[in-house]
Amino acid sequence: MRFPLAKLLIVLAAVSGCVSTIWAQSVYWSPSSGTLQQGKSNAIDLFFDSCQPEGQPELPEISGLDLRFRGQSSSTNIINGRRSSKVILNYQATPLRLGTVTLPSIRVQTSEGEMQVRAARFEVVEATVGNSGVSPDEVFVSLFQNRDDKIYVGEVFELEYVAGAKEEYQLADLSVPEWNPTEIVSGGLVDGQVSRVNYQGSPYLIKLYTTKAIATSPGIKQLPSATQEATVVIGRRRNIFQEAVYDSFIIESDPFALEILPLPEGAPASFKGAVGQFELDSRVVPEQVQVGEPVTWTLELKGTGNWPAGIGVPARSVSSRFKAIQPEINNEFSEDNLFSGSQSEDIVLIPTEAGTFDFGPLEYTYFDPQEETYKTISLPSRTVTVTPAVPQSPQGTATPAEAGPPGADQFSGETPSYDLNPSGQNTFQKPPQLLKDPQVSKRSAKAPSEKFSLLRPTLLAVSAPIAGWLVLAMLQSILVDPRRPERRALRQLRKLSRLASPSDLEQQKQHHRRWRDAASRYFAVRALEPTPLEIFNSAKTLRNEEFAKHWSKAWELSDQLLFGRGNIDQKEWERLQKLAVGMCPGKNYKPSSVFRVKSWFPAIALSCIALVDPHSGIAQEIDDLEPAELYQQGKFEQAAAQWLGALDSEPQVVEHRYNAGLAFAQMGDWPRAWAYWTSAFCLDPSDENVAWNLRIAHQNTSAYDPVLQSLIEGEGLYRIVRLRSPSAWQTLSQQAIWALGIFLFAAILTIYVKPLRRASAYLLVLAVLSGLFAYFSAWALSKYEALGEPDSILVVAEAPLLSIPTDLQAEQVSSVVAEGTIVTRQKSFLGWVKIELPNGESGWLRQENLLPLYGPATQG
Numbered sequence: 007m008r009f010p011l012a013k014l015l016i017v018l019a020a021v022s023g024c025v026s027t028i029w030a031q032s033v034y035w036s037p038s039s040g041t042l043q044q045g046k047s048n049a050i051d052l053f054f055d056s057c058q059p060e061g062q063p064e065l066p067e068i069s070g071l072d073l074r075f076r077g078q079s080s081s082t083n084i085i086n087g088r089r090s091s092k093v094i095l096n097y098q099a100t101p102l103r104l105g106t107v108t109l110p111s112i113r114v115q116t117s118e119g120e121m122q123v124r125a126a127r128f129e130v131v132e133a134t135v136g137n138s139g140v141s142p143d144e145v146f147v148s149l150f151q152n153r154d155d156k157i158y159v160g161e162v163f164e165l166e167y168v169a170g171a172k173e174e175y176q177l178a179d180l181s182v183p184e185w186n187p188t189e190i191v192s193g194g195l196v197d198g199q200v201s202r203v204n205y206q207g208s209p210y211l212i213k214l215y216t217t218k219a220i221a222t223s224p225g226i227k228q229l230p231s232a233t234q235e236a237t238v239v240i241g242r243r244r245n246i247f248q249e250a251v252y253d254s255f256i257i258e259s260d261p262f263a264l265e266i267l268p269l270p271e272g273a274p275a276s277f278k279g280a281v282g283q284f285e286l287d288s289r290v291v292p293e294q295v296q297v298g299e300p301v302t303w304t305l306e307l308k309g310t311g312n313w314p315a316g317i318g319v320p321a322r323s324v325s326s327r328f329k330a331i332q333p334e335i336n337n338e339f340s341e342d343n344l345f346s347g348s349q350s351e352d353i354v355l356i357p358t359e360a361g362t363f364d365f366g367p368l369e370y371t372y373f374d375p376q377e378e379t380y381k382t383i384s385l386p387s388r389t390v391t392v393t394p395a396v397p398q399s400p401q402g403t404a405t406p407a408e409a410g411p412p413g414a415d416q417f418s419g420e421t422p423s424y425d426l427n428p429s430g431q432n433t434f435q436k437p438p439q440l441l442k443d444p445q446v447s448k449r450s451a452k453a454p455s456e457k458f459s460l461l462r463p464t465l466l467a468v469s470a471p472i473a474g475w476l477v478l479a480m481l482q483s484i485l486v487d488p489r490r491p492e493r494r495a496l497r498q499l500r501k502l503s504r505l506a507s508p509s510d511l512e513q514q515k516q517h518h519r520r521w522r523d524a525a526s527r528y529f530a531v532r533a534l535e536p537t538p539l540e541i542f543n544s545a546k547t548l549r550n551e552e553f554a555k556h557w558s559k560a561w562e563l564s565d566q567l568l569f570g571r572g573n574i575d576q577k578e579w580e581r582l583q584k585l586a587v588g589m590c591p592g593k594n595y596k597p598s599s600v601f602r603v604k605s606w607f608p609a610i611a612l613s614c615i616a617l618v619d620p621h622s623g624i625a626q627e628i629d630d631l632e633p634a635e636l637y638q639q640g641k642f643e644q645a646a647a648q649w650l651g652a653l654d655s656e657p658q659v660v661e662h663r664y665n666a667g668l669a670f671a672q673m674g675d676w677p678r679a680w681a682y683w684t685s686a687f688c689l690d691p692s693d694e695n696v697a698w699n700l701r702i703a704h705q706n707t708s709a710y711d712p713v714l715q716s717l718i719e720g721e722g723l724y725r726i727v728r729l730r731s732p733s734a735w736q737t738l739s740q741q742a743i744w745a746l747g748i749f750l751f752a753a754i755l756t757i758y759v760k761p762l763r764r765a766s767a768y769l770l771v772l773a774v775l776s777g778l779f780a781y782f783s784a785w786a787l788s789k790y791e792a793l794g795e796p797d798s799i800l801v802v803a804e805a806p807l808l809s810i811p812t813d814l815q816a817e818q819v820s821s822v823v824a825e826g827t828i829v830t831r832q833k834s835f836l837g838w839v840k841i842e843l844p845n846g847e848s849g850w851l852r853q854e855n856l857l858p859l860y861g862p863a864t865q866g
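When we follow our numbering, the leftmost residue of the sequence shown carries the number 7, and every step to the right adds one.
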């Protein structure tokens with residue numbers, strides 16, 4: 007009986023150990039119940055016991071509770087020889103109203119798999135300041151005020167925000183106010199002085215914030231409340247240090263409305279919307295030139311007004327006997343004032359014929375809100391005299407026909423003219439022939455792999471099972487399926503349609519915004535705020551007119567709620583949107599897409615990589631030359647948009663990057679042009695046109711990289727390195743390693759085959775040469791340094807490197823990253839990208855200041 011009993015004990019011990027291990031792994035809230043005070047910051051922690059979180063959990067929006075992540079900590083305990091560790095995610099919970107608030111049960115990803123977190127329930131009670139029993143409303147003050155009697159549309163006015171506490175409660179700290187107005191344009195609240203005031207018969211210690219703003223439309227503007235955390239001293243600890251005891255609360259300002267008056271009637275025809283106080287200056291230099299010599303016409307507008315509304319220098323006309331070179335617009339505004347500054351535009355004009363020409367006259371009308379009247383600035387015309395070109399040398403003597411007409415008396419009638427649009431776009435010819443022309447062929451090139459090793463197994467290059475092909479093709483077809491985002495949006499629409507509409511107006515608006523966002527993605531409407539007509543047309547295209555009417559009516563009611571008076575028949579909207587969502591056809595995945603060439607290509611390329619020249623690309627003519635035609639017509643902005651769209655869909659095509667760089671160069675955005683040409687050069691360093699344009703870019707921007715410069719000029723061994731791209735050297739190195747294994751295997755086989763024994767020596771030599779070439783290719787790849795890394799990013803505009811991804815935190819560590827710096831991407835977060843500099847320093851930059859070296863231009 008001993009032997010069976012011993013086995014039974016062993017089994018029981020093993021089972022109990024497994025059960026204890028399973029029980030030890032859990033995720034839970036602490037505390038999970040109790041009371042919370044309204045408007046007061048409360049600490050709630052999420053514990054990961056004996057496991058690690060896989061990233062920060064995505065918590066759902068909880069009605070009536072502001073839950074914010076504060077940080078992470080960990081602890082380790084050893085009890086009775088047993089070690090246990092915990093990872094703690096710290097949150098700050100601030101209840102917004104009385105009642106019951108519940109943290110719902112969620113599932114989170116951990117290092118031990120997916121786990122369930124039980125719900126936590128709290129009762130929200132009225133807050134008191136310390137143990138005084140006094141409500142925070144009796145202690146704190148938070149309000150907006152405006153001192154202007156009248157405010158017109160577009161007028162720059164000053165808004166004041168006051169926040170503080172009664173002096174007896176010793177205000178210790180005020181956080182940065184959170185305030186995001188949507189009905190006015192504001193420069194943000196600016197800290198002001200701290201002072202003592204009497205408010206409602208009691209002394210208060212307050213801080214005054216100010217901001218300048220404009221309204222873009224008339225009517226009553228309801229400003230959102232400002233919220234911030236206020237900390238006061240509620241007592242002292244009973245020890246020798248008499249340490250202060252603090253209490254923190256979230257205070258919210260009272261509702262505030264502004265009446266915005268429309269501009270008076272009777273505006274002159276030259277009025278284009280400018281409101282404020284402005285000055286306009288016109289300069290023409292020189293006023294006497296020869297045919298072919300440049301004339302610079304400068305307009306400068308300066309003053310204080312509604313600049314964010316898009317105002318600028320006026321349009322102007324010039325004789326068609328001048329050729330226009332790309333205009334340059336310079337904006338000068340201080341960082342803390344959006345409404346005061348200047349804009350100047352220089353247009354270089356080259357006369358093609360002799361004569362006398364008038365530049366102007368010009369008129370610029372604006373509304374002065376201080377004097378409540380329209381004012382017009384009138385500038386007289388400036389006369390430019392163009393004489394025939396004088397020959398420079400006997401060899402270059404110009405004939406009378408080449409020199410042009412001798413004077414203005416040869417012209418009869420009015421001189422034809424054309425308009426110059428002050429948009430920064432060259433509407434006629436590009437600058438003198440410096441840049442190369444756009445390319446209309448397609449060459450495919452690959453980005454380097456993220457992980458590269460010379461020890462990579464050769465099995466994948468020898469055989470690829472048909473079953474593996476099918477799996478890869480299916481995965482690829484799912485990943486590239488364009489309907490995938492639309493199916494996700496439809497699932498969200500159906501989920502929202504089943505939810506009951508909130509009774510609170512602000513919550514109703516939030517519910518409508520989520521519904522509209524999902525609908526826009528489902529119909530693939532690109533407009534930021536689609537109109538009911540756009541929704542109707544998209545729905546009609548998708549199904550039928552009845553389906554489109556349901557969507558259009560529901561959208562109109564939603565428009566009234568969000569942008570009108572806010573009073574709609576909510577039940578009618580719920581009925582319409584449920585009916586519309588219920589009729590939505592599913593955009594299912596098509597299994598037939600597995601057999602597309604685009605889906606099979608990764609598997610075929612994986613099997614044939616050893617047989618294909620990694621640098622060659624099959625050139626083919628582009629059927630649609632519309633972007634190139636737009637470029638030749640001087641419509642660089644439209645051409646750039648089309649080339650960038652093609653780049654996002656075909657990131658492997660070199661010409662898209664090259665042509666996009668040309669368009670940005672013509673628009674004067676040389677840093678971005680440099681970035682696109684650098685990317686094209688790394689994909690195909692043998693293209694001399696790209697190298698030529700990069701040399702010109704280095705003359706027009708501060709961007710500079712010593713490795714790139716050495717590659718462009720072919721200095722020393724870099725002349726050999728630039729024969730192949732980083733991806734090509736990487737692939738050649740892998741192919742050489744595979745060849746090394748094949749030659750070694752063949753040499754071993756020939757030893758046992760008597761007639762072929764003499765060939766073994768030659769095969770061994772080939773194996774050694776293959777190994778040497780593999781390591782030479784790896785060395786050539788290493789010479790590219792950061793230009794050969796797939797995660798490298800190019801900085802296209804000088805920007806501050808912040809320690810945390812926000813502009814709202816004023817006091818944080820920051821440094822400046824210069825344009826042209828090559829950095830490494832680490833991760834992204836809500837429009838921010840964490841990067842690492844070559845010196846090892848890391849921080850956050852705005853995504854719009856960055857451009858990936860490889861891959862689509864819009865990838866995060």
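Note that the Cβ used here is the ideal one computed from N, Cα and C, for glycine as well. Since this is a predicted model, take the numbers as computed values, not measurements.
Which same chain residues end up closer than 8 angstroms to E562 when comparing Cβ atoms and leaving out the 5 residues on each side of it in sequence? So the qualifying residues of the chain are P538.
Name the DSSP beta bridge partners of M121, please? Partner(s): V114.
Using the C-alpha atoms, what's the distance from S32 back to S38? A direct Cα-to-Cα measurement between S38 and S32 gives close to 14 angstroms.
Hey, quick one: how far does the alpha helix (DSSP H) through S716 stretch, first residue to last? Here the alpha helix (DSSP H) through S716 covers P712 to E719.
Go through its chain and collect everything with a Cβ distance to V870's Cβ below 6 angstroms, but skip five positions before and after it. Only positions 7 to 866 of the chain appear in this structure, which leaves residue 870 out of reach.
Among D72, E299 and W649, which residue has its Cα nearest to the Cα of E235? The shortest Cα separation from E235 among D72, E299 and W649 belongs to D72.
Should the stretch 730-743 be called in touch with the stretch 756-773, which here means at least 3 C-beta pairs below 8 angstroms? Fewer than three beta-carbon pairs drawn from the stretch 730-743 and the stretch 756-773 are found closer than 8 angstroms, and the two stretches are therefore not classed as touching.
According to DSSP, is G311 part of a helix, a strand, or is it coil? Three-state DSSP puts G311 in a strand.
Tell me whether the beta-carbon of A530 lies closer than 8 angstroms to the beta-carbon of Q498. The beta carbons of A530 and Q498 sit no closer together than 8 angstroms.
Alpha carbons only, please: which of N337, D654 and T304 is nearest the one belonging to L385? The candidate whose alpha carbon is nearest that of L385 is T304.
Would DSSP call P300 helix, strand or coil? If DSSP states are grouped into helix, strand and coil, P300 belongs with coil.
Taking the beta carbon of F751 as the centre, do at least 16 other beta carbons fall within 10 Å, making it buried, or is it exposed? Exposed, because fewer than 16 other Cβ atoms sit within 10 Å of the Cβ of F751.
If we count the other Cβ atoms within 10 Å of its Cβ and call it buried at 16 or more, is A506 buried or exposed? With fewer than 16 other Cβ atoms within 10 Å, it is exposed.
Below 8 angstroms, how does it come out for the stretch 257-265 and the stretch 145-162: are there three or more Cβ pairs, yes or no? Counting Cβ pairs under 8 angstroms, three or more are found: they touch.
Under 8 angstroms between the Cβ atoms of S798 and L807? It is not a contact, given that the beta carbons lie outside the stated cut-off.
Inter-residue spacing [alpha-carbon to alpha-carbon] between Q43 and S526: Looking at the two C-alpha atoms, the distance is approximately 39 angstroms.
Could you work out which residue in I574, T389, G592 and Q583 is closest to R490 when comparing CA atoms only? Considering only alpha carbons, the answer is G592.
What residue range does the beta strand (DSSP E) around A671 cover? Per DSSP, A671 belongs to no beta strand (DSSP E); it is in the alpha helix (DSSP H), V660 to Q672.
Looking at the C-beta of L668, does it have a partner C-beta in chain B at a distance below 8 angstroms? In the structure shown, chain B cannot be found, because there is only a single protein chain.
In whole angstroms, what is the alpha-carbon distance linking V659 and L653? Distance between the alpha carbons of V659 and L653 is about 7 angstroms.
Report buried or exposed for I78, applying the criterion of at least 16 other Cβ atoms within 10 angstroms of its Cβ. Ile is not the amino acid found at residue 78; the sequence shown has Gln there. So Q78 counts as exposed.
Look at the alpha carbon of K308 and the alpha carbon of L264, and state the distance between them as a whole number of angstroms. Cα-Cα distance, rounded: 28 angstroms.
Quick one: give me the first and last residue of the alpha helix (DSSP H) that G194 is part of. No alpha helix (DSSP H) holds G194; DSSP gives it neither H nor E.
Residue range of the alpha helix (DSSP H) that includes W880: Because the chain is modelled from 7 through 866, residue 880 falls outside the range shown and cannot be assessed.
Sequence ranges, beta strand (DSSP E) only - wholly within the stretch 748-824, length at least 3: With a minimum length of 3 residues, the continuous beta strand (DSSP E) runs that stay inside the stretch 748-824 are 798-801, 805-808 and 820-823.
Give the C-beta separation of A273 and Y158 to the nearest angstrom, bearing in mind that I take them to be a contact with Cβ-Cβ under 8 angstroms. That belief does not hold up - the Cβ atoms of A273 and Y158 are roughly 12 angstroms apart, past 8 angstroms.
So for R527, helix, strand or coil by DSSP? Correct three-state label for R527: helix.
Thinking C-alpha only, which one of R581, F373, R549 and P320 is nearest E351? The shortest Cα separation from E351 among R581, F373, R549 and P320 belongs to P320.
Candidates P63, L109 and L102: which alpha carbon is nearest V93's? Looking at the Cα atoms, P63 is the closest of the given residues.
How is E258 classed by DSSP in three states: helix, strand or coil? Reduced to three states, the DSSP call for E258 is strand.
Identify whether G651 lies in helix, strand or coil by the three-state DSSP scheme. The answer is helix: DSSP assigns G651 an H, G or I state.
By the 10 Å Cβ neighbour count, where 16 or more other Cβ atoms means buried, how is D690 classified, buried or exposed? With 16 or more other Cβ atoms within 10 Å, it is buried.
Please classify W676: does DSSP put it in a helix, a strand, or coil? If DSSP states are grouped into helix, strand and coil, W676 belongs with the helices.
Alpha carbon of L714 to alpha carbon of T188, nearest angstrom: Distance between L714 and T188, taken at the CA atoms: about 45 angstroms.
Which residues does DSSP pair with W35 in a beta bridge? Per DSSP, the beta bridge partners of W35 are L52.
With 16 other CB atoms within 10 Å as the buried threshold, where does K833 fall? Classification of K833: exposed, given that the 10 Å Cβ count is below 16.
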